[in-house]
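Residue numbers (the working numbering): 115 to 821.
Backbone N, C-alpha and C fix where the C-beta goes; we use that ideal spot for every residue, glycine too.
Source: prediction; values computed, not measured.
These notes are about the structure you will find just below.
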């Protein structure tokens, strides 16, 4: 179901932005994502003039598109077409002997046979795909687009018909799938339904409901075993006679007890006597007492409206509808994680299409090391343009790997299981995806199945520009970039600017709106500027199953939920964080382990946690020869809470040289405990005032302004 943002952010006045030389409004009305999507569709539809850029003059995409060279042959495709026709007519002729093709594959093959510059134009209507469509080097420069003023809709699966109501209230329908395919998700009138699960999903959508919580194992298990089994409380689990196809969706992380990721792990067995669930796991995903989870994928769990289950033997789909008028509904079984694969198809353009209702694979840890798949997957294909599309109810929106100069602009990407856009590499080959431009997309409701995800995720990609995007309601990150593995996937010269990120990190205990990693341990030379971030939250439960309240931060306890609007991690160094407006988040700006970062000219208001958190956790004991202090200068901070922390600095190994504050302007509820600094830096004590920080030599010329 398509949802538009209320654009409440647009009422925030531009005056909130600090008036430094490099700051600017996030985007103007003409650059708003839905507006640009319309302009891009008009500029790139099949019958548009050869000069594609005219409609985009004056927008953030000015000059991004160029006219096609020479005349193009247009091959038409329609749900009413036939693959025996020529494909050269947009509609059937009067004699009914010629007209458009029925399939994109046939049009692709015709374009290959013709050679030269060609366009495939899709007419209005619904296309149900049963296999991925692959484009390769023979398709370089091909444009796949919509006919002007028409809206082709491509579904990643089969339409399900002939439902029959059973005596027990369930409905069944025959569903014969292609070989080796399964039902990844079920959609009714464009809305994702729930695979049969226990406990049932909460009807009100409350993310704190519908969970079980792992028990402490007795006797205790070795830490390394926590990646393949967890224990449950007596009476928690229903009897499941057959565990084949059973999955556990469990929240865990890199360390037992952490809650910054999740996965859907196959269940190997359930030991009722030992109250232990054995799973297929990975070497880096662990659970512990309190890890929250639910079971899914067994017929015995099918008991609530909106739930479904597929039985492959008799090819039967079972469903309990929310609305008994099922005969009037469009039901689609999503089977494809990838609609289009561009492998070597340099310069190809995909524009003006709606891709929806696919399978959810692509962002988990189990069997998906490189966050694979993608409704549009681009591999070893340079200069590809993905423009003005709607991509909804899929696993990953757009996946770019080892491909240079991709342009992803003016798209709406929504309700995806994992990442919205991924730009990066394949683990093992580590080719880079340099020069990507991700501009003016509306990306919302991200991480519906996998929570360790982002609206935009990039790694192994230099000279990336991410600008003018509206990103809302993400499970963990709005934008996440940088190296996870070291030099193999390093990022340099990235620019993240003029984006709006609203309601990031809604489902994990450790995340934020904009994050940069730097495991390569050298300067990234990158910039995060003039972004607007609001509503960054967190979700973390205690071992007893209770949750920390929203917006909670307490720097004196651990484990505890943590959340930032903008932060660096994994030794990320050499970043300029400038001119951002951060309002209504938990912590505002964090630096963890890196050096030579500059935080300057930001406006921070209405936070529930620290304005600045500085930690050496990922770089403890690391001080390279090029290292210079992190500098936090000329920021404007308003403190609302009586107990609010302005700055929390925990860098015991790196001392006063790790961070320096200067010329910041603070207002609101400051007191003699507003700064929590490691005692080895602020010798007056762990907590102190701005004056104490200045006496310690860690601040120069900052002031507390009157309200």
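Using the rule of at least 16 other Cβ atoms within 10 Å of the residue's Cβ for burial, across every protein chain shown, is residue 227 buried or exposed? exposed
According to the neighbour-count rule (16 or more other Cβ atoms, all chains shown, within 10 Å of its Cβ), is residue 513 buried or exposed? buried
Taking C-alpha atoms, which residue in 374, 218, 618, 675 lies nearest to residue 464? 218
Residue 774 lies in the beta strand (DSSP E); which residues open and close that run? 773 to 776
Taking the straight line between their C-alpha atoms, what separation do you get for residue 268 and residue 316? 30 Å
State yes or no: is the C-beta of residue 794 within less than 7 Å of the C-beta of residue 767? no
My assumption, with CB atoms under 8 Å, is that residue 547 sits in contact with residue 520. Please give the rounded CB distance. 7 Å
Assuming residue 637 is part of the beta strand (DSSP E), what are its boundary residues? 637 to 643
Determine the DSSP secondary structure at residue 266, reduced to helix, strand or coil. strand
Residue 352 versus residue 320 - alpha carbon distance: 23 Å
Could you please give me the residues that DSSP links to residue 579 through a beta bridge? 551, 609
Determine the extent of the beta strand (DSSP E) in which residue 457 is found, giving its start and end residues. 454 to 457
What do you reckon, are the CB atoms on residue 715 and residue 667 nearer than 7 Å? no
Would you tell me roughly how many angstroms separate the C-alpha atoms of residue 279 and residue 375, rounded to the nearest one? 39 Å
Residue 463 - DSSP class collapsed to helix/strand/coil: strand
For residue 223, which of 210, 191, 425 has the nearest alpha-carbon? 191
CA-to-CA distance, residue 635 to residue 489, given in whole angstroms: 33 Å
Anticipated Cβ contact below 8 Å, residue 212 with residue 203, distance rounded: 6 Å
Hey, how far is the Cα of residue 664 from the Cα of residue 300? 32 Å
On a Cα-Cα basis, can you pick out the residue from 566, 562, 615 that is closest to residue 844? Nothing can be reported for residue 844, as the shown portion of the chain is limited to 115 through 821.
Assuming residue 644 and residue 608 make a contact with CB atoms under 8 Å, what is their CB distance in whole Å? Residue 644 to residue 608, Cβ: 14 Å. No contact.
Continuous alpha helix (DSSP H) stretch holding residue 158: start and end: 147 to 158
Three-state secondary structure (DSSP) of residue 655: strand
DSSP has residue 759 in a bridge; who is on the other side? BP columns for residue 759 are empty, so no partner.
Between the CA atoms of residue 808 and residue 817 - distance to the nearest angstrom: 10 Å
Please state the DSSP three-state secondary structure of residue 138. Only weak support exists for where residue 138 lies, its pLDDT of 46 falling under 50; the value from the coordinates is given anyway. Coil.
When DSSP labels each residue in this structure, what does residue 449 get in the three-state scheme? coil
Hey, how far is the Cα of residue 177 from the Cα of residue 283? 57 Å
Taking residue 698 as the reference, give the member of 618, 198, 781 with the closest Cα. 618
Please list, in chain order, all residues of the same chain as residue 592 whose beta carbon is under 7 Å from its beta carbon, the five residues on each side excluded. 568, 569, 585, 615, 618, 627, 628
Taking DSSP's pairing of strands, which residues face residue 383 in a bridge? 392
From which residue to which residue does the alpha helix (DSSP H) around residue 440 run? No alpha helix (DSSP H) holds residue 440; DSSP gives it neither H nor E.
For residue 410 versus residue 474, is the C-beta spacing smaller than 7 Å? no
Put residue 668 into one of helix, strand or coil per three-state DSSP. coil
Short Cβ contact (7 Å threshold) for residue 746 with residue 691: no
Indicate the three-state DSSP secondary structure (helix, strand or coil) for residue 770 in the structure shown. helix
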